[in-house]
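Residue numbering for the sequence shown follows my numbering, starting at 372 and increasing by one per position.
Beta carbons: idealized from backbone N, C-alpha and C, even for Gly.
Read the structure below first, then the notes.
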Amino acid sequence: MKKFLLIIIDGGAEDCLTRRSAGSAFAKAKKPNLDLLASNSACGLWTGPHAPHYNPRSLSSVATLEILGYSWRDEPGRGYLEALGIGIKLRKGDVCIRGNFATVSDKIRDRRAGRDEKGLDRMVKDLNKKIKSIDGVKTMLYRAVSHRLVLVLSGKGISPQVSDSDVGSSPQKIKPLNGKGKKTSGVLNKYVEMSRELLLSHPANRKRRMPANYILFRSAGAARKVGSFASKYRMKACSISGVNIIRGTSKYLGIDILPAPLSQLENDLQLRAKKAVDALERYDFVMLHINGADTKAHDKDFHGKVKYIEKIDSDVFSQVVKLRHINIAVISDHITDSRTGNHVFGPVPFLIYASEEDSDGGKFDEKSCSNSFVADNPMKKILSVA
372 MKKFLLIIID
382 GGAEDCLTRR
392 SAGSAFAKAK
402 KPNLDLLASN
412 SACGLWTGPH
422 APHYNPRSLS
432 SVATLEILGY
442 SWRDEPGRGY
452 LEALGIGIKL
462 RKGDVCIRGN
472 FATVSDKIRD
482 RRAGRDEKGL
492 DRMVKDLNKK
502 IKSIDGVKTM
512 LYRAVSHRLV
522 LVLSGKGISP
532 QVSDSDVGSS
542 PQKIKPLNGK
552 GKKTSGVLNK
562 YVEMSRELLL
572 SHPANRKRRM
582 PANYILFRSA
592 GAARKVGSFA
602 SKYRMKACSI
612 SGVNIIRGTS
622 KYLGIDILPA
632 PLSQLENDLQ
642 LRAKKAVDAL
652 ERYDFVMLHI
662 NGADTKAHDK
672 DFHGKVKYIE
682 KIDSDVFSQV
692 VKLRHINIAV
702 ISDHITDSRT
712 GNHVFGPVPF
722 LIYASEEDSD
732 GGKFDEKSCS
742 NSFVADNPMK
752 KILSVA
């Protein structure tokens, strides 16, 4: 069996095939190593994650599961996966909700509160002091990376079957998706009101340019069973990532997590790439997740996204092109449009290197890959026979 290296460039794709974006960051970037790999690979477009009625703001968890050959139906809710990634000890029946510190007036001014971490730990501590339970349901708020949060609910009669508050330009009331979610939606709406009251007057916000005065909630989840990656593919697997959602997804699937600093904008790509290459000695399957291009796109920084892809090329793919007798896959998990700063459902480029005899002789970008073939889920088929 050949070893397998999967590299996910989070949010690397643009909404350029429909002419709605600033263009293709992949096409604009100077990336000789990635293009060399593409010229010796089978390239194509993945149609992207399929998740009916799913909030596109939470695409990464569904996309990663589908890339690994699972279904969107296997996704237990991003809140639960984030909790696993943070390392929260959960009890049976706990419900976890992903949250964002945000800046809100009548409308959402910034759903990440300026990415400013000043005072956020103190705010979380004070919120947990003030709000311990609501209607008999215990509450505990945890900080993740940057503006990200996870709220854990513990108690009887609760369910993850609730809507998101972060679905438009203004915060929305959380509603039950069925009868089971009625109590939980009520608890969450009360939590939003109580936390808003504290945050509006919190002294830490006086020192911030963008006040963290609101918590947006989405993607409630709870524990559920799923087949492990090892049992599905008979491969010993590990992952390297600086974001909790990928760590949590790995833990959910029984994939080993190798140590790496938490970061939304990795500045140690050479070390991460070397760690991935070295891990191929001990593992059959290595997943390297790179998040920085997604961060630049969320900030509507197209030029910064281009430059970051160039950094990925020089720091990561300069090492990858030297590998021999290794199956290699490169894929963007979803579109993050630099024009709007939003996730978008749509096709993304991928390449599969197994032998230079299978090459399409192209470059790695949306338009070039669209000239080859479009696949519903190429990784699922490839991993099944790897």
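For Met511, the enclosing beta strand (DSSP E) has its first and last residue at 508-514. Annotation note: the segment 374-424 contains the following uninterrupted beta strand (DSSP E) runs of length 3 or greater, listed N- to C-terminal: 374-380, 413-417.
Taking the C-beta atoms as reference points, Asp477 is found nearer than 8 Å to Ser541.
Boundaries of the beta strand (DSSP E) around Tyr724: 719-724. The Cβ-Cβ distance between Ala575 and Lys489 falls below 8 Å. Annotation: Thr711 is outside any alpha helix (DSSP H) and is labelled neither H nor E by DSSP. For Gly456, the three-state secondary structure derived from DSSP is helix.
Taken in chain order, the whole alpha helix (DSSP H) runs of length 4 or more contained in the segment 544-607 are 553-571, 600-604. Unbroken alpha helix (DSSP H) stretches of 4 residues or longer found wholly inside the segment 627-691: 640-650, 663-669, 673-683, given in chain order. Distance between Lys496 and Phe656, taken at the CA atoms: about 39 Å. Pairing Pro420 with His669 gives a Cβ-Cβ distance that is not under 8 Å. Here the alpha carbons of Ala454 and Ala400 stand approximately 35 Å from one another. Per DSSP, Ser739 is one residue of the alpha helix (DSSP H) stretching across 737-741.
Closest in alpha carbon position to Ala631, among His660, Asp381, Glu446, is His660.
Straight across, the Cα-Cα distance linking Gly675 with Thr555 is about 40 Å.
Contact between Leu377 and Ala583 is ruled out by a C-beta separation of about 35 Å, above the 8 Å threshold. A contact is defined here as three or more CB-CB pairs under 8 Å, and the segment 717-726 fails this definition with respect to the segment 673-690.
For Gly613 and Ser517, the gap between their C-alpha atoms comes out near 12 Å. The beta carbon of Met511 is closer than 8 Å to those of Asn499, Leu522, Val523, Ser525 in its chain, skipping five residues each way along the sequence. For the pair Glu737 and Ala398, the Cα-to-Cα distance works out to about 8 Å. Taking the Cα positions, Lys667 is about 19 Å away from Ser432.
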